[in-house]
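All remarks here apply to the structure that follows.
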Amino acid sequence: MDVKLDPSRDDLPLMANTSHILVKHYVLDLDVDFESQIIEGTIVLFFESGNRFKKRSSSTEVACLSESNEACKFRMPEPCQIPVTNTKTFSSKIGYNDFVICGKGEKDTSGKDGNHDNQEQASGISSSKYCCDTGNHGSEEFLLVLDCCDISVLKVEEVDVAAVPGIEKFTRSPKLRNQIVHELVALPADRWREQLDYYALCSQAPGCGELLFDTDTWSLQIRKTGAQTATDFPHAIRIRYRTKPQGRSVTWTSDQSGRPCVYTVGSPINNRALFPCQEPPVAMSTWQATVRAAASLVVLMSGENSAEPTQLREGYSSWHYYVTMPMPASTFTIAVGSWTEMKPEICSSNDLATERSFSPSEADFRYVGVCGHMEYPCRFQNASATTQKIIPHRVFAPACLKRVCQETLLPLIPPCLSAAHSVLGTHPFSRLDILIVPANFSSLGMASPHIVFLSQSTLTGMSQLCGTRLCHEIAHAWFGLAIGARDWTEEWLSEGFATHLEDVFWAKAQQLAPHEAREQQKLRACLRWHRLQDEVQNSPEEMQVLRPNKEKTGHVSDSGSSVIRHGLNPEKVFMQVHYLKGYFLLQFLAKTLGEDTYFSFLRKFVHTFHGQLILSQDFLQMLLENIPEEKRLELSVGNIFRDWLESSGIPQPLQRERQALAECGLAQQVSAEVAKWVRVNRRPRKRKRKDREEVFEKLLPDQLVLLLEHLLEQKTVTPRTLQSLERTYHLSEQDAEVRHRWCELIVKHKYTKAYRDVEKFLQEDQAMGIYLYGELMLSEDPRQQHLARRKDHSENLFHASACSPGGPRLAWTQDIKGRAMGLLKPAVSGRLRLVG
Ligand SMILES: [Zn+2]
1 MDVKLDPSRD DLPLMANTSH ILVKHYVLDL DVDFESQIIE GTIVLFFESG NRFKKRSSST
61 EVACLSESNE ACKFRMPEPC QIPVTNTKTF SSKIGYNDFV ICGKGEKDTS GKDGNHDNQE
121 QASGISSSKY CCDTGNHGSE EFLLVLDCCD ISVLKVEEVD VAAVPGIEKF TRSPKLRNQI
181 VHELVALPAD RWREQLDYYA LCSQAPGCGE LLFDTDTWSL QIRKTGAQTA TDFPHAIRIR
241 YRTKPQGRSV TWTSDQSGRP CVYTVGSPIN NRALFPCQEP PVAMSTWQAT VRAAASLVVL
301 MSGENSAEPT QLREGYSSWH YYVTMPMPAS TFTIAVGSWT EMKPEICSSN DLATERSFSP
361 SEADFRYVGV CGHMEYPCRF QNASATTQKI IPHRVFAPAC LKRVCQETLL PLIPPCLSAA
421 HSVLGTHPFS RLDILIVPAN FSSLGMASPH IVFLSQSTLT GMSQLCGTRL CHEIAHAWFG
481 LAIGARDWTE EWLSEGFATH LEDVFWAKAQ QLAPHEAREQ QKLRACLRWH RLQDEVQNSP
541 EEMQVLRPNK EKTGHVSDSG SSVIRHGLNP EKVFMQVHYL KGYFLLQFLA KTLGEDTYFS
601 FLRKFVHTFH GQLILSQDFL QMLLENIPEE KRLELSVGNI FRDWLESSGI PQPLQRERQA
661 LAECGLAQQV SAEVAKWVRV NRRPRKRKRK DREEVFEKLL PDQLVLLLEH LLEQKTVTPR
721 TLQSLERTYH LSEQDAEVRH RWCELIVKHK YTKAYRDVEK FLQEDQAMGI YLYGELMLSE
781 DPRQQHLARR KDHSENLFHA SACSPGGPRL AWTQDIKGRA MGLLKPAVSG RLRLVG
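By UniProt numbering, the letter at position 774 of the sequence shown is numbered 774, and the numbering carries on one by one without gaps.
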């Protein structure tokens, strides 16, 4: 596969040459400065070359995982097959002014380190782009390519790991740096603590020679003079860099108490503007990070330890986190702000029980080889971890949200965690932090290892929205994190599963009787059916396909690079097709096989594939192999691909389910209520006292959503009816899903009396307000446009937006985050209503 990039397109490149060399561990050492909105420091990368990372049980081979040193030779640039005429273009004769380009014309401050020796003797790398640089093609030097953007790289150097005191303890060749790294990386799982300590010590070892580097839009390229293969290239390198305030990986903003904070936003580019990394998911690595910030701030991160701050010099403290389970760098998350840990008002014994921690201890992990993944201290091998229903958890939020966190969120966490354990078994992660993110977070939730971001929009109304969203994010611990998609276009593997499981977990968490659970799940299926129909009618067909790469899924170029089609397409952030069609496929499979058969298979699947990356066929093949033939009916991997994963529109088998959906009792109840409202709406303004008053049934939040969606289809709804609707259901006090539909009704019928509800929604429910905002901006009504433009929220919401009425509908989505690309993309739960 050629890596041809056209910046005007919306494809996302993954540049790192992971087939040649793989990052095994990152050590980050960072200072967070709110004044300048810059994160600055170093990252040390520990590499492995060769084929040790090849262990995988998946069905599709990644192309060219080179085994011999010869094959590991650098072979960029792939797109330009231009014969090499002069492989020595970059001789030492090139003056050093021509190289070491520091982050797009930014000042190189590495001079203050007083170490320019290497630059003077080195042969330079041209500042021209490798891709079109015939001279570099065939260069005899190995080139390390890391994914990054919007980062100022100041210095890159080899780390002298041989200088670490005591390093000879576990290496046979204390003088050979790469050998030391090799043996450090290869330490068995039960020596994880020692391994982490040595990684930390090595990361602080002195440099032993600067490396040459260059940056372009999407990558950082590093080479060492004379290092011709990945094996010769330094296996421990340190990069000094700083982020840029406008970088798209982190958002600098204010929390609900007005205090500054910064957090990873889950943008399609993941963490590339936070640290240089190998972005392709095959580069599964561990990490540890030390982060310094003002002592008044809390640093939360993807780490398995519940870090406590260490006081440093006046006014500063430092936080240290680590993980021992290798995961893609894209899953790393950090949040720094003035957050308060929320605890229940009265500490019940129940909560004390959750304090028991099962952090891995050396003795716990002896059963190497039980799992299919590469070695790490895995909870599935730890008897006490496997039976832990509720993992230790903390909740952080701005102090002003204390009451609502205590009332709504805190009581939900133990039952939701416990429900997940009862369905899937072992929690893959040892602990969980939940952070209520600032109002401008673009979705209702986002899951990362050990940390879940929740929008404040989940906290209003009854517990339904908060509970289901929490269940969704908890489900991602298994599907999306512990089991990731190898090909990011197969996003349904995380979102479809999490959407299907959220209903199952939530029914258990509420302790619903089986028939009640079935009814509620049917109602949710009805809502999703409406949403899917809406979406397939209003989106490009090619974006409705769940396995777009078909038989080429998971394929990468010889170097390991690839391009994610539509990865940067702003419209993609709004699409829910992966959630919805994925959900319906899994619901269909569970129904066809029987729930008991399906969920016992799912536990087996998790046991087999946790800690690994998968493709659709890994799941489907194992599923069909594991069910009795008489239950398989006409199902085959081929026809599931054809009917569900490789077609656009509504899948054929789902069309046939339509009747069953219509028979949902809770939905029929809604239809009856809708009929009443339509009657009410038709009545003349002045009516006689003796007219029969309608008596309305009490409705569940999901029923209210359905009711309002039906009413949105009415051409006219009078102000009197709208007023009566609000009074009957207290709509402005309902959860954000309900209020969103309510606001849509207000906007559609220009019900000026309730414009304050719209304004409030745009301010407080920015995760969902985007659709509403779009409708307001595109309306011809000056008052509505004014509502959208109100400086206090619109600027905060869509800063630097290019929105203009009648302009490109999605121009303003560029600021809307949302972790696309499969692993962690959160739901945008507002209904997709294409306007204009
Ligand atoms: Zn395991």
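Note that the Cβ used here is the ideal one computed from N, Cα and C, for glycine as well.
A straight-line Cα-Cα distance of about 37 Å links S600 and A397. Remark: the C-beta of F380 is in contact range of ligand 1, defined as less than 6 Å to any heavy atom.
E516 sits in a helix when the DSSP states are folded into three classes. Pairing G266 with R172, the inter-Cα distance amounts to about 42 Å. Taking A482 as the centre and dropping the five residues before and after it, the same chain places the C-beta of P428, H610 closer than 6 Å to its C-beta, in chain order. Distances between the C-beta of C371 and the heavy atoms of ligand 1 include at least one below 6 Å.
DSSP, reduced to helix, strand and coil, places V265 outside both helices and strands of the structure shown, so it counts as coil. Of the candidates S779, F441, Q246, L154, the residue whose Cα lies closest to the Cα of E210 is L154. Taken from the Cβ of G611, at least one heavy atom of ligand 1 lies inside 6 Å. R292 is bridged by DSSP to D31, S318. Between the alpha carbons of S457 and T386 lies a distance of about 33 Å.
The C-beta distance from W192 to T324 rounds to 5 Å, short enough to meet the 8 Å contact threshold. Residues P281, A283, M284, G484, L823 of the same chain have their beta carbon placed closer than 7 Å to that of P328, with the five preceding and five following residues left out of the count.
Taking C-beta atoms as the reference points, L300 and L512 fail to come closer than 7 Å.
In the three-state reduction of the DSSP assignment, F170 falls in the helix class, which pools H, G and I.
DSSP, read as helix, strand or coil, puts W488 in coil.
Distance between E375 and F34, taken at the CA atoms: about 39 Å.
For I413, the enclosing alpha helix (DSSP H) starts and ends at 413-424. F142 is not a Cβ neighbour of A236, given a cutoff of 7 Å. DSSP links P328 through a beta bridge to M284. A check of alpha carbon separations from W287 across V298, E279, S302, A294 identifies S302 as the nearest.
Where V738 is concerned, there is no enclosing beta strand (DSSP E), although the alpha helix (DSSP H) around it starts and stops at 736-748.
In the DSSP annotation of this structure, the continuous segment of the alpha helix (DSSP H) that includes L623 starts and ends at 616-625.
In this structure E502 is buried. Its beta-carbon is surrounded by 16 or more other beta-carbon atoms within 10 angstroms. For P260, DSSP records a beta bridge to S254.
Per DSSP, G467 is one residue of the alpha helix (DSSP H) stretching across 463-475. The DSSP assignment places complete beta strand (DSSP E) segments of no fewer than 3 residues inside the stretch 188-227 at 207-210, 212-215, 219-223, in order along the chain. In this structure, V404 is the residue among P438, T18, L527, V404 with its C-alpha nearest to the C-alpha of M342. Short of 6 Å from the beta carbon of I21, and not among the five residues preceding or following it, lie these beta carbons of its own chain, in chain order: F47, S49, A230.
Inter-residue distance for Y579 and R642 is about 18 Å (C-alpha atoms, whole angstroms).
By the criterion of a C-beta distance shorter than 7 Å, L410 is surrounded in its chain by M342, P344, V395, once the five residues flanking it on both sides are discounted. For Q785, no pairing in a beta bridge is given by DSSP. Taking C-alpha positions only, C261 is separated from S296 by approximately 11 Å.
In this structure G582 touches T499 by the C-beta definition: roughly 7 Å separates them, less than 8 Å. From the listed residues S455, D618, N178, the smallest Cα separation to M768 is found for S455.
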